[in-house]
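For reference, the structure is listed below as structure tokens.
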Amino acid sequence: MNQPLQEEERDDAVVGRAFVWSASLILTLLVIGGGIAFWSMNQRPAKIKVVTEFELPETRKAPALEIPEMPFQDITALAGIGFQHDSGAAGEKLLPETMGGACAFLDYDNDGDQDLLFVNSCRWPWDDRPAGPQLTQSLFRNDGDCRFTDVTKEVGLDVTFYGQGVAVGDYDSDGDVDIFFSAVGPNHLFRNDGGKFVDVTAEIGVAGEQEEWSTSCGFLDYDNDGDLDLFVANYVKWTREFDKAQPFTLTGRERAYGRPQNFPGSFAYLYRNDGGAFTEVGLAAGLRVTNPARKDVAVGKSLGATFVDADRDGFLDIFVANDTVQNFLFHNKRDGTFEEVAILHNVAFDQQGNARGAMGIDSARFRNGEHLAILIGNFSNEMTALYVTRGDAMDFVDEANATGIGPQSRLELKFGTLFVDVDLDGRPDIIGTNGHLENEINKVQVSQQYAQPPHFFWNCGPESPTEFVSVPKAKCGEEFLKRMVGRGSAVADIDGDGDLDLLFAAVNSPPRLLRNDQKLAHHWVRVDVAGPKGNRSAIGAEIVVETAMGQFVSQIMPTRSYLSQSESIATFGLGHEDSIQRITITWPGGQKKVVEGPPIDQLLRISYDF
13 MNQPLQEEER DDAVVGRAFV WSASLILTLL VIGGGIAFWS MNQRPAKIKV VTEFELPETR
73 KAPALEIPEM PFQDITALAG IGFQHDSGAA GEKLLPETMG GACAFLDYDN DGDQDLLFVN
133 SCRWPWDDRP AGPQLTQSLF RNDGDCRFTD VTKEVGLDVT FYGQGVAVGD YDSDGDVDIF
193 FSAVGPNHLF RNDGGKFVDV TAEIGVAGEQ EEWSTSCGFL DYDNDGDLDL FVANYVKWTR
253 EFDKAQPFTL TGRERAYGRP QNFPGSFAYL YRNDGGAFTE VGLAAGLRVT NPARKDVAVG
313 KSLGATFVDA DRDGFLDIFV ANDTVQNFLF HNKRDGTFEE VAILHNVAFD QQGNARGAMG
373 IDSARFRNGE HLAILIGNFS NEMTALYVTR GDAMDFVDEA NATGIGPQSR LELKFGTLFV
433 DVDLDGRPDI IGTNGHLENE INKVQVSQQY AQPPHFFWNC GPESPTEFVS VPKAKCGEEF
493 LKRMVGRGSA VADIDGDGDL DLLFAAVNSP PRLLRNDQKL AHHWVRVDVA GPKGNRSAIG
553 AEIVVETAMG QFVSQIMPTR SYLSQSESIA TFGLGHEDSI QRITITWPGG QKKVVEGPPI
613 DQLLRISYDF
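Heads up, the sequence shown is in the numbering used here, so the first residue is 13 and it goes up one at a time.
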């Protein structure tokens, strides 16, 4: 009995020892396995270095850019021009006092050179200050050699009214140019009778409404019936009482000039030439743009206007620069009516969809004549707009940023905006007069001054990184960049040397006549087109100059800039091109004339002879 018991105890001991050994082995294995796992989890993966070879693009080098010397000389005093604009300001700070200052080039006496016209304002009827010199419009006759004589009284333009803008054209087709003045209050039309002017406003029917404030204006043949019609932009509904009732201040105390946002808008006039008189057809023609919510409220607050055949269908369209509301593009429907399509074609607002304070406007076909550009000068701290389209599609894109004109123009308050080929290289440059509305603006905006330097942006071509560059004093002259309270501007060749000279108007200041003294030896041709009876200045005619290197396209259009008129002659800079293959003129209505192999470096007079 004891032996089995001993065997059982021995077996139990063996089992016990085996269990202890097994447990120890398992524990050891667990510790080793756990250690390995812990070590594995705490090891950083090995970095695999991958080398990828890239082929670097070829470095683009900007072309060397050398701005040419294009000096201007201020010859105002030398030329005998003694005019000074007067806004009639007497301390009340009324809005019209900030907006005047217009000028024009015209050949009123048909002697072949360009005379000068200045639009003046006057004292207000309620002004009780002691009487001063009579304030009138002023005409200066070109006597040659850049000398001018004041002939205002001699020709019958020593008339007083609160003038704003001017239009020049032969509305009665008698062979000499007539003058229309826009104004605060009734407008005025003076018929040119052989160098003497007669006020025919009442009999022709273009005075407008007594309470309207008219601004930019111009003659055009919108219906292609062979005679000149008249477009007149209107700004805002304004009265002295309403203006004074607005709490306009700079610092919260002293009176300041007001904002157009506080004033209702107004409708433009379109006067159809019916032979002996004009008929106002703005409503029937589709020019009355109204607020969608209130059909009796005008949208427009119009300051600048120009006319161009945007889609080249043979009929002139109307572009209008509006202040603080959308711009207008009135597309000519070729049946005597227009359709307003600015929003559809991207010229109504800026790129963010905001309206700007638009003042002056101009157009040009550039980049070998393939692109139409609409240039609009806007308020301070707003870029100049450069709406560009390819061909005839009217699909505009604002290229102000892409071409460099936007950032360089932002600071100043821009008025008299113009395309001008200053150096005759075949590319239109940009000129502009600038000046603020408020003479004490520096009190609240340290970056702003009342008097501001003009703009001069040289067109260095689309192949350059920046198409437009600001011309420094060393290249254009100190006299060009002299500060002024600029408003209107106009362009013409006053000395017959082929390049274009400038006329700047100012508010409450003398004008400036700037002679272009560039000596770059570029070739040129100037084309004076005589139109058919009814539109003798051929306003709206398109001219194409073809050379071995390409083509240049221009239009006879004096209505440009702000409130002002330029000469009715097209100037083409040819650069180094020493010959012209042909010139093609297309008159309003579609008639064409081709001149083969014309000479260069001279003025060509081409007549309508159909």
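Note that the Cβ used here is the ideal one computed from N, Cα and C, for glycine as well. Quick caveat: nothing in here was measured; it's all calculated off a predicted structure.
- Non-local beta-carbon contacts of PRO465 in its own chain, meaning distances under 6 Å to residues more than five positions away in sequence, involve LEU493, ARG495 in chain order.
- Within a 10 Å sphere around the beta-carbon of ARG346 sit fewer than 16 other beta-carbons, which makes this residue exposed.
- Residue pairing from DSSP leaves ALA322 without any beta-bridge partner.
- A contact between stretches requires three or more CB pairs, one per stretch, nearer than 8 Å, and the region 419–426 fails this requirement with the region 340–355.
- Annotation for ARG368: ASP362, ASN390, GLU394 place their beta carbon closer than 6 Å to its own, counting only its chain and skipping 5 residues before and after.
- Here DSSP, grouped into helix, strand and coil, assigns ILE355 to coil.
- Around the beta carbon of PRO440, a 10 Å sphere encloses 16 or more other beta carbons of the protein chains shown; the residue is thus reported as buried.
- GLN461 is classed as buried because its beta carbon has at least 16 other beta carbons within 10 Å across all chains shown.
- Across the set VAL337, GLN457, PHE279, the C-alpha of VAL337 shows the shortest separation from the C-alpha of VAL359.
- Nearest C-alpha to ARG135 among VAL189, ALA101, THR429: ALA101.
- ASP121 and VAL483 have their alpha carbons spaced roughly 36 Å apart.
- Only residues of its own chain outside the window of five on either side were considered, and among them LYS487 have a CB closer than 6 Å to the CB of GLU81, listed in chain order.
- Of the candidates ASN520, LYS256, GLY489, GLY489 places its Cα closest to the Cα of GLN530.
- Boundaries cannot be given for VAL248, as no alpha helix (DSSP H) includes it and DSSP labels it neither H nor E.
- Less than 7 Å divides the Cβ of LEU169 from the Cβ of GLN149.
- Here PHE254 has PHE275 as same chain residues with Cβ atoms under 8 Å from its own Cβ, once five neighbours each way along the sequence are excluded.
- Between ILE612 and HIS535 a beta carbon distance of about 5 Å is seen, short of the 8 Å cut, so the two are scored as contacting.
- In this structure, ALA310 is the residue among ALA310, LEU295, ARG300 with its C-alpha nearest to the C-alpha of GLN273.
- Residue pairing for ASP157: DSSP places it in no beta bridge.
- Within the same chain, Cβ atoms closer than 8 Å to the Cβ of THR349 are found at ALA296, ALA297, GLY298, the five residues on either side in sequence being excluded.
- Residue pairing for THR302: DSSP places it in a beta bridge opposite ALA310.
- DSSP, read as helix, strand or coil, puts ASP590 in coil.
- Counting every other CB atom within 10 Å of its CB across the protein chains shown gives HIS588 a total below 16, marking it as exposed.
- Burial state of TRP599 is buried, judged by a 10 Å Cβ sphere holding 16 or more other Cβ atoms.
- Membership of GLN420 in any beta strand (DSSP E) is not indicated; the residue belongs instead to the alpha helix (DSSP H) covering 417–421.
- Beta-carbon to beta-carbon, PHE193 and GLY175 are separated by about 5 Å, close enough to satisfy the 8 Å threshold.
- Taking 8 Å as the upper bound for CB-CB distance, LEU240 and TYR183 are in contact here, some 5 Å apart.
- The region 540–559 makes no contact with the region 520–527: fewer than 3 CB pairs, one atom from each, lie closer than 8 Å.
- Around the beta carbon of ASN339, 16 or more other beta carbons lie within 10 angstroms, which makes this residue buried.
- Sequence-distant partners of ARG548 (beyond 5 residues in either direction) whose C-beta falls short of 7 Å from its own C-beta, in its chain, are ASP182, SER185, GLY187, ALA542.
- The three-state secondary structure of ASP205, taken from DSSP, is strand.
- Under DSSP, SER566 forms a beta bridge with ILE555.
- Annotation for ILE442: LEU387, THR396, ILE417, THR429, LEU430, PHE431, VAL432, HIS467, PHE468, PHE469, ASN471, PHE480 place their beta carbon closer than 8 Å to its own, counting only its chain and skipping 5 residues before and after.
- Annotated as distal: THR251 and GLY177, with beta-carbon spacing of 7 Å or more.
- Per DSSP, reduced to three states, the secondary structure at VAL503 is strand.
- In the three-state scheme derived from DSSP, where H, G and I count as helix and E and B as strand, VAL606 is classed as strand.
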